[in-house]
Amino acid sequence: MTAFLIRRIAQMVIVILLSSVVSYALLNIAPGGPLTFLREMNNSGRTRVTAEDIARIKARFELDLDLHIRFSRWLIGVPDGPLVIGGQTYFADWVVGCKIPGQVRLRYPDGTTEIIEEGCALPLTLQDLVDGPPRRDSRGILFGDFGLSQAILRDRPITVLIESRLPYTLALMGASTLLSILIGVPIGVYSAVRQYSRFDYTMTTVAFLGASLPTFFVGIMAILVFAIGAKGAGLPYLPPGDASAARDYVVPWLGKITKESPLDYLLHFIMPCGILVFTSVAGWSRFVRASMLDVMKQDYVRTARAKGVRERIVILKHALRNALIPFITLLAGTLPGLFAGAIITETIFNWPGMGRLLIDALGRFDYTVAMAVLYVTIVLTMIGYLLSDVLYTLVDPRIRLN
Amino acid sequence: MATSPLLSVEHLEVQFKTQDGIVRAVNDVSFHVDRGETLGIVGESGSGKSVTAMSLMRLIPNPPGKIAGGRVMFDGEDLLQLSEPSMRHIRGNRIAMIFQDPMTSLNPVLTIGRQITESLELHLKLSHREARRRAVELLQMVGIPSADRRLDDYPHQFSGGMRQRVMIAMGLSCNPELLIADEPTTALDVTIQAQILELIKRLQQELGTAVIIITHDLGVVAGMADRVQVMYAGRIVEEGLTSEIFAQPRMPYTIGLLRSIPRLDDEQGRKLNPIRGLPPDLINLPQICPFSPRCDYFQAGQCDAQVPPLRDVAPDHRAACLFDITLQTPVTAGDPVSA
Chain R
1 MTAFLIRRIA QMVIVILLSS VVSYALLNIA PGGPLTFLRE MNNSGRTRVT AEDIARIKAR
61 FELDLDLHIR FSRWLIGVPD GPLVIGGQTY FADWVVGCKI PGQVRLRYPD GTTEIIEEGC
121 ALPLTLQDLV DGPPRRDSRG ILFGDFGLSQ AILRDRPITV LIESRLPYTL ALMGASTLLS
181 ILIGVPIGVY SAVRQYSRFD YTMTTVAFLG ASLPTFFVGI MAILVFAIGA KGAGLPYLPP
241 GDASAARDYV VPWLGKITKE SPLDYLLHFI MPCGILVFTS VAGWSRFVRA SMLDVMKQDY
301 VRTARAKGVR ERIVILKHAL RNALIPFITL LAGTLPGLFA GAIITETIFN WPGMGRLLID
361 ALGRFDYTVA MAVLYVTIVL TMIGYLLSDV LYTLVDPRIR LN
Chain B
403 MATSPLLSVE HLEVQFKTQD GIVRAVNDVS FHVDRGETLG IVGESGSGKS VTAMSLMRLI
463 PNPPGKIAGG RVMFDGEDLL QLSEPSMRHI RGNRIAMIFQ DPMTSLNPVL TIGRQITESL
523 ELHLKLSHRE ARRRAVELLQ MVGIPSADRR LDDYPHQFSG GMRQRVMIAM GLSCNPELLI
583 ADEPTTALDV TIQAQILELI KRLQQELGTA VIIITHDLGV VAGMADRVQV MYAGRIVEEG
643 LTSEIFAQPR MPYTIGLLRS IPRLDDEQGR KLNPIRGLPP DLINLPQICP FSPRCDYFQA
703 GQCDAQVPPL RDVAPDHRAA CLFDITLQTP VTAGDPVSA
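Line by line, the protein sequences give chains R and B.
Under the numbering used here, the first residue of the first sequence carries the number 1, and numbering increases by one thereafter.
Under the numbering used here, the first residue of the second sequence carries the number 403, and numbering increases by one thereafter.
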C-alpha cells in the first residue's frame, strides 16, 4: 500500500506538471489577449497608443516575458531576478523577454499601411525584473501561491477571489451531485430490476431528454416558465438569477422575502440546482442500470436465489454491492466538478461560483485566475482518481494495491 | 413403486419468448426421483437439462422464460402452485442446487463464511455464532483444510476445486432432501472432477440425500447415477437403470452417444463415430421424431410422421423410438425392422 501510494503520487506530480504545461501553453497560444484591442486602436489611427503604454500594459500581464519564463515564474516562482550569491550578481543581463518589439511599417500597393511587430527593439533582462515597476511575483503555484489577479480583482490575491466564489459552487455542486446520486441510483436499480417495464421506458425517456437537451436550453426554458411565466401569471415564481436578491421582494403565497434571508437563498438555489439534477440524473441512473443489468445476469445472483434468499436481499446485498464497484470511478470524477462548478449553468443563472469565475477570467484575459482554476481542477482530478483506487480496495476484496 | 417418490415431474413444459419466436426448451418431460436415489440427466448443450433443473427450483428468469404446463410434485406438494415465500422456504432448504462454474457462482464481494451462514440463518434460524460453527463443520465435511481460518476468505482466494467444495457445503448446509448438481464438474480439470464426484457420492451416502446430476459427460453418469435419462431437443428420449442403458441402449441417439466415446481398451485405429448434423431448432419443432434428421435408422413415412412416445422396451427401461433398435442393429439405409 505504501509503495503503491508513493508510486502513484510520483506519477501524479508528473501528470500535473505535464497538464500544466499543456493548459498554460494552450491558453497563451490561443489568439486574442489584452493587447488586441490596443493594437486595433493603434491601427485605426484615431488614438495614438505609445510603445511605452503598450510596454506598461504588457508588463502588467507579464506578456513582455518569454512564454517559458512566464510559465516557470507561474509554476515555481523563478526567475524573479538575477542570481545573487554572496553579494555577487549573476545573469543580470540574461534576456528573458522583450519590452518594446521592433516595428515594421508595411505599405500595400492599394495605399493602406499596417504596422507589424518584428524582432525586439528593447529587450528585457533579468535585472529589469527587479528594477522596473513592481511585478506580480508569486512563489509559484506548485508551492501553493496562486499569485495575484491580473484583471478581475486587480492586484488582489487570487485566493481572495476563490474564497468568495467557492462556497457558492460547493453548495450548488455538492447539493446537486448528492441529489442526482440519491435520485439516480434507486431509479437505475429499479429500472434494471424491472427491465422493459413501463417505469423503465418512462425513466429511459426522461433520462435521454435530460442528457440530450443542452443545459442552456433547459435553463433558459426554466427561467421562462418558472420565473417570467409564473410571475406574469401571478403564481409563486422563482428568481431568475443571482444567489441572493439585492432588495426585498414579494412572491405570491410566500409573502415578502427579505433580501439575503435563508428563504431568499433557497429560492435562488432551486432553479440552478434543479437544472443540474435534471441533466445529470440521467447519467447516474443509466450507469447504475447498465451495471445492475450486467450483475443480475451473473451466476452468483442465481446462486443467491437458489439459496432461497428474499429477492429484495438478492438485489440489495448480492447484486447492488457488485454493481456499485465501477460506480466509484464515476464518483471520483465528481470531485474536480465540486470545485470547478458548472460553467454553463452558473453563467445562465448568474451564479457567483467558480464556473462563472473561469468564464470571466477567460473573457477578461485574467490568465493567472484562469490558470489557477484549471490547475486546481487538474490536481483534484488526480486526487479523485487516487481516492477511487483506494476506495476500490475497500469495496472489492479482489483488488489489492501492490 | 411402493411409496410415492420424493420428486415427480409430470408433463413439464418450459418455453422462452425470443425475438425469433417461442423456444420450446422443455417438452412434455416426466420423471421421478426416489428418496436417496441418484438420477443422471444426460444430453448435449441445449437439450433442456439445465432448464429442467432450473424449473424445479422455479429459477427460470421470467420474462423471457415461462413454465407453460405440467406439475412438479415434491413430497406431496406441487411446487409450481406454491406462493413465492413458500417456494423460498424450499429453495436452499429442502432442494439445493450447485452450479456448473464455481468460478462465477460465488459472490466475489462476500466472504465464504457469510455465503454459507446466509442460508443457515435464513432456513434453520441459527444465530450468527451457531451458523459460523456449523459452517466450519460443513467446510471440514467437504474437505477444506483449516476450515475455521478460511471462513473469512473471499472466493478469489480459493482454487476452482475448492470453490466447488464450498458450493457443495453451501448446498448441503440445511440437509436438503434433494440436491440438484448442474454440471458440477464441467469447469474443473479431470483429477479435481474425480475428487468432487467422489465427495458428492460420499456425502450422499452419509446424508441420504437424493441427487439429480446433470451432465453431458457419460462417464460421470456411469460412475454416479442409479438411473439415467437421456434428453434430446427438450424431450426425454430414453430412460432406465444406468447399467441397462450402457449395456443395452435402445434409442439411436443414446447408441450414437455411446459410439462416439473414445475408449482406452479400443483396438488401435478404430474411428470414432460422431453423430452427424446439428440438434434441431427448438423454435419450429415439427411433430416428428426430433432425432430423425440425424438418425442412421431413419424410416421415411414413420419417423417423420409422429413424435415417438416413450414406451417400455424392457423392465425399467423406456425409449422413445418406434423401432426395436439395439447396439447390434446394422447401420443400413434399409428397413431395420425387417433386417
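The beta-carbon is built from N, C-alpha and C at its ideal position, and this holds for glycine as well.
Where residue i falls, given that 16 or more other Cβ within 10 Å makes a residue buried
| i | result |
| --- | --- |
| residue 570 (chain B) | buried |
| residue 665 (chain B) | exposed |
| residue 240 (chain R) | buried |
| residue 726 (chain B) | exposed |
| residue 68 (chain R) | exposed |
| residue 655 (chain B) | buried |
| residue 1 (chain R) | exposed |
| residue 511 (chain B) | buried |
| residue 739 (chain B) | With a pLDDT of 48 at residue 739 (chain B), under the threshold of 50, the modelled position of that residue is not reliable, and the figure given next carries that caveat. By the 10 Å Cβ count, residue 739 (chain B) comes out exposed. |
| residue 527 (chain B) | exposed |
| residue 396 (chain R) | buried |
| residue 414 (chain B) | buried |
| residue 524 (chain B) | buried |
| residue 186 (chain R) | exposed |
Boundaries (first-last residue) of the beta strand (DSSP E) holding residue i
| i | result |
| --- | --- |
| residue 107 (chain R) | 95-107 |
| residue 120 (chain R) | 113-125 |
| residue 429 (chain B) | 423-435 |
| residue 627 (chain B) | Taken as a continuous stretch (DSSP letters only), residue 627 (chain B) belongs to no beta strand (DSSP E), as it is neither H nor E. |
| residue 11 (chain R) | Not the beta strand (DSSP E): residue 11 (chain R) falls in the alpha helix (DSSP H), residues 2-29. |
| residue 455 (chain B) | Careful: residue 455 (chain B) lies outside any beta strand (DSSP E), inside the alpha helix (DSSP H) at 451-458. |
| residue 419 (chain B) | 409-420 |
| residue 476 (chain B) | 467-476 |
Whole-Å CB distance - residue i paired with residue j, under 8 Å assumed
| i | j | result |
| --- | --- | --- |
| residue 15 (chain R) | residue 382 (chain R) | 6 Å |
| residue 436 (chain B) | residue 612 (chain B) | 7 Å |
| residue 125 (chain R) | residue 93 (chain R) | 5 Å |
| residue 454 (chain B) | residue 431 (chain B) | 6 Å |
| residue 633 (chain B) | residue 721 (chain B) | Not confirmed; about 13 Å, so no contact. |
| residue 583 (chain B) | residue 500 (chain B) | 5 Å |
| residue 427 (chain B) | residue 433 (chain B) | Residue 427 (chain B) to residue 433 (chain B), Cβ: 16 Å. No contact. |
| residue 443 (chain B) | residue 566 (chain B) | So it is not a contact: roughly 19 Å between Cβ atoms. |
| residue 361 (chain B) | residue 718 (chain B) | This structure does not reach residue 361 (chain B), given that chain B is present from 403 up to 741, and the question cannot be answered. |
| residue 589 (chain B) | residue 505 (chain B) | 7 Å |
| residue 573 (chain B) | residue 581 (chain B) | 6 Å |
Contact with chain B by residue i, beta-carbon distance below 8 Å
| i | result |
| --- | --- |
| residue 318 (chain R) | yes |
| residue 294 (chain R) | no |
| residue 300 (chain R) | yes |
| residue 389 (chain R) | no |
| residue 404 (chain R) | Limits of chain R in this structure are 1 at one end and 402 at the other, which puts residue 404 (chain R) out of reach. |
| residue 321 (chain R) | yes |
| residue 309 (chain R) | yes |
| residue 394 (chain R) | no |
| residue 347 (chain R) | no |
| residue 306 (chain R) | yes |
| residue 258 (chain R) | no |
| residue 303 (chain R) | yes |
Residue-chain proximity (residue i, chain R), Cβ-Cβ < 8 Å
| i | result |
| --- | --- |
| residue 406 (chain B) | no |
| residue 587 (chain B) | no |
| residue 422 (chain B) | no |
| residue 508 (chain B) | yes |
| residue 476 (chain B) | no |
| residue 732 (chain B) | no |
| residue 481 (chain B) | no |
| residue 741 (chain B) | Unreliable positioning characterises residue 741 (chain B) in this predicted model, as indicated by a pLDDT of 39, which lies under 50. The coordinate reading is nonetheless provided below. False, the Cβ-Cβ gap to chain R never drops below 8 Å. |
| residue 445 (chain B) | no |
N-terminal and C-terminal residue of the alpha helix (DSSP H) that residue i is part of
| i | result |
| --- | --- |
| residue 354 (chain R) | 354-363 |
| residue 520 (chain B) | 514-525 |
| residue 159 (chain R) | 158-193 |
| residue 568 (chain B) | 562-574 |
| residue 201 (chain R) | 198-212 |
| residue 73 (chain R) | 67-76 |
| residue 291 (chain R) | 262-296 |
| residue 302 (chain R) | 299-306 |
* Using a Cβ-Cβ cut-off of less than 9 Å, list which residues of the stretch 514-526 of chain B approach chain R; keep chain order. => 517, 520, 521, 524, 525
* To do: Quick one: which residues of the stretch 548-567 of chain B get their C-beta closer than 7 Å to a C-beta of chain R? List them in chain order.
  => 556, 558
* Residues of the stretch 608-619 of chain B with Cβ closer than 7 Å to any Cβ of chain R, in chain order -> none
* To do: Identify each residue in the stretch 324-342 of chain R for which the Cβ-Cβ distance to at least one residue of chain B is less than 7 Å, and report them in chain order.
  => none
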